[in-house]
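Data block below; observations after.
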Amino acid sequence: MPKDVIIACDFDSADAVYAFLDRFHGKKPFVKIGMELFYAEGPSIVREIKRRGHKIFLDLKLHDIPNTVKKSMTVLSGLDVDMCNVHAAGTSSMMKAALEGLTRADGTRPLLIAVTQLTSTGQEQLEQELLIQKPMEEVVASYAKNAASAGLDGVVCSPLEAAKVHAVCGKSFVTVTPGIRFADSAAGDQKRIMTPADAAKAGSDYIVVGRPITQADDPAAAYERCCREFLGA
Ligand code: C5P
0 MPKDVIIACD FDSADAVYAF LDRFHGKKPF VKIGMELFYA EGPSIVREIK
50 RRGHKIFLDL KLHDIPNTVK KSMTVLSGLD VDMCNVHAAG TSSMMKAALE
100 GLTRADGTRP LLIAVTQLTS TGQEQLEQEL LIQKPMEEVV ASYAKNAASA
150 GLDGVVCSPL EAAKVHAVCG KSFVTVTPGI RFADSAAGDQ KRIMTPADAA
200 KAGSDYIVVG RPITQADDPA AAYERCCREF LGA
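Have a look at this one:
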């Protein structure tokens, strides 16, 4: 299973993200393009970052009726990204439809990952607002099982749940984990967090790191620190 650090490029313009990526001095980290950048710039930003040689996780978290998700995934499959995602809350029929839509005529497709519960959601919100009266780890494991049986490649979850997901869905089922903070950085709105080193110990396959790198005085150094802590490289 390849392990990697994915930088969440949460910027509001192409200029801002190019200026950021230029600070990596020729290194080409795996990047995540989320809603903010995609809504600001559209598909051209994906093509340009790909052309620059980066692997891309297109994090648009689709969640709609199966037919709409299937057709949207067909459009996204033309963008040649490496990973994209849906919300597991859309249920198995939506996840299966997503997979069908994403698969190209030649049988190839990007990795398809399901968001279980957002890492900004805590146990209290799960119970009080979403009316799910179960421990978070159990909810995440159950959503992961649904994703695996729908044929998806893995889930987005907190590193706190990565070991449980692997125990339930197998070692080769991919865990992509945001909610990463250095021991000395601010949590911000994230609730279920871990350091890169602890995420590695917990079995995360990919860590997604945004503000600890994007807001750092020296983003390239913060990225190197993440790689050292997570990959031991
Ligand atoms: O800045 P920070 O490290 O908190 O960024 C985390 C990134 O991961 C954000 O782009 C956020 O949208 C994304 N994400 C998340 N929790 C999920 C799925 C995606 O934080 N469950």
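Per numbering that gives the first Met the number 0, the very first residue in the sequence shown carries number 0; after that it's consecutive. Where is the CB? At the ideal position from N, CA and C, for every residue including glycine.
Would you be able to state if there are at least three C-beta pairs under 8 Å between the stretch 215 to 223 and the stretch 189 to 207?
Cβ pair count under 8 Å is below three, so no.
Can you tell me where the beta strand (DSSP E) with PHE37 in it begins and where it stops?
From DSSP, PHE37 is part of no beta strand (DSSP E) but of the alpha helix (DSSP H) over 34 to 40.
Quick one, which of VAL173, CYS226, PHE181, ASP216 has its alpha-carbon nearest SER203's?
Out of VAL173, CYS226, PHE181, ASP216, VAL173 has the C-alpha closest to the C-alpha of SER203.
So is ALA96 buried or exposed if we call it buried at 16+ other beta carbons inside 10 Å?
Counting Cβ neighbours within 10 Å, ALA96 comes out buried, since at least 16 surround it.
On a Cα-Cα basis, can you pick out the residue from ALA149, ARG51, GLY150 that is closest to ALA18?
Comparing Cα-Cα distances from ALA18 to each of ALA149, ARG51, GLY150, the minimum goes to ARG51.
Measuring CB to CB, does PRO28 end up less than 9 Å from ILE44?
Cβ distance not < 9 Å, so PRO28 and ILE44 don't count as in contact.
Residue range of the beta strand (DSSP E) that PHE56 falls in?
That run of the beta strand (DSSP E) goes 55 to 61.
Let me confirm a value: ILE55 is counted as buried when at least 16 other C-beta atoms fall within 10 Å, else exposed. Which label applies?
The residue in question, ILE55, is buried, as its Cβ has 16 or more Cβ neighbours within 10 Å.
Here's the rule: buried if 16 or more other CB atoms are within 10 angstroms of the residue's CB, otherwise exposed. What is LYS70?
Flag for LYS70 reads exposed.
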